[in-house]
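In the working numbering, the protein residues as written are 3 to 246.
The C-beta atom is built at its ideal place from N, Cα and C for all residues, glycine as well.
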């Protein structure tokens, strides 16, 4: 797992179980400072793809065109759009872009530690892969678990796959966001560190090349889920749930 976060200084480590493989941090506001909204982690991949396409085109133009299409897809994969949508403590926004694959009640023992509703979003290789915070709040937990690489849509993926869990203390209580790697995804980027104050809709991190994101909401907070199985949601723009 690769970790990034909004401020330049690297604070002291958090509670046991937190991991800090990379000390560099990326501002969640980087798209506001540039006309090109591309996640910074994507530039090495984009540069390599276009160099390969240009070299191939010089050797044999049909292959160059094919690889140029692939390079354009790599650019699209790392796009980081701003999604307009409602804001406020009543709303829980989509932390990822893709299709809803599960809406279930379950127990969450890591952070929320009570009965929750879990909304699971599957991200295909054609979706935006930047994650965003669903609520305002304070980061209380960042926990990385190195696991398997099952298909992200599989039920066991939420427990067994490589994942990063981010616990937030929001206006209506605890919220857990879980970034889950899949068959293709092999790199999770998490911006958060314990103690960070975060804003709804700001960048949380990124999962490279296909993945899943789960949002856990305690039933005691009385969330009313606004999405259903199969719905397409837009990161930072679609309301997943509304508090009564």
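Check                                                                                                                                                             : Outcome
Just confirm the distance between the C-beta atoms of residue 170 and residue 142, as a whole number of angstroms; I'd bet it's less than 8 Å.                    : 7 Å
Counting C-beta neighbours from all protein chains within 10 Å, is the total for residue 242 16 or more, i.e. buried, or is it exposed?                           : buried
In whole angstroms, give me the CA-to-CA distance for residue 177 and residue 68.                                                                                 : 44 Å
Keeping to the same chain, check which residues put their C-beta closer than 8 Å to that of residue 73; ignore five residues upstream and five downstream.        : 48, 51, 52, 54, 55
Tell me which same chain residues have a C-beta within less than 7 Å of the C-beta of residue 199, skipping the five on either side of it?                        : 140
Who pairs with residue 207 in a beta bridge, going by DSSP?                                                                                                       : 133, 192
By the 10 Å Cβ neighbour count, where 16 or more other Cβ atoms means buried, how is residue 102 classified, buried or exposed?                                   : buried
Within its chain, find whatever has a CB closer than 6 Å to the CB of residue 99; leave out the 5 residues flanking it on each side and keep chain order.         : 129, 130, 236, 237
Determine, using beta carbons only, whether residue 209 and residue 246 come nearer to each other than 8 Å.                                                       : no
By DSSP, does residue 48 sit in helix, in strand, or in coil?                                                                                                     : helix
Confirm, please, whether the CB-CB distance from residue 122 to residue 214 is below 8 Å.                                                                         : yes
Determine the closest residue to residue 46 out of 76, 61, 66, 39, with distance taken between C-alpha atoms.                                                     : 76
So for residue 222, helix, strand or coil by DSSP?                                                                                                                : helix
May I have the straight-line CA-CA distance separating residue 85 from residue 135, to the nearest angstrom?                                                      : 12 Å
Would you list the one or two residues that DSSP bridges to residue 123?                                                                                          : 102, 215
CA-CA distance, residue 60 and residue 70?                                                                                                                        : 12 Å
Note down, in chain order, each residue of its chain lying with its Cβ closer than 8 Å to the Cβ of residue 105, except the 5 sequence neighbours on either side. : 119, 120, 121, 122, 227, 229, 230, 231
Does DSSP put residue 66 in a helix, in a strand, or in coil?                                                                                                     : helix
Take residue 42 as the anchor and find which of 164, 207, 146 has the nearest alpha-carbon.                                                                       : 207
With the cut-off set at 8 Å, would you say residue 92 and residue 40 are in Cβ contact?                                                                           : no
Return helix, strand or coil for residue 168, following the three-state DSSP convention.                                                                          : strand
DSSP three-state label for residue 246, please.                                                                                                                   : coil
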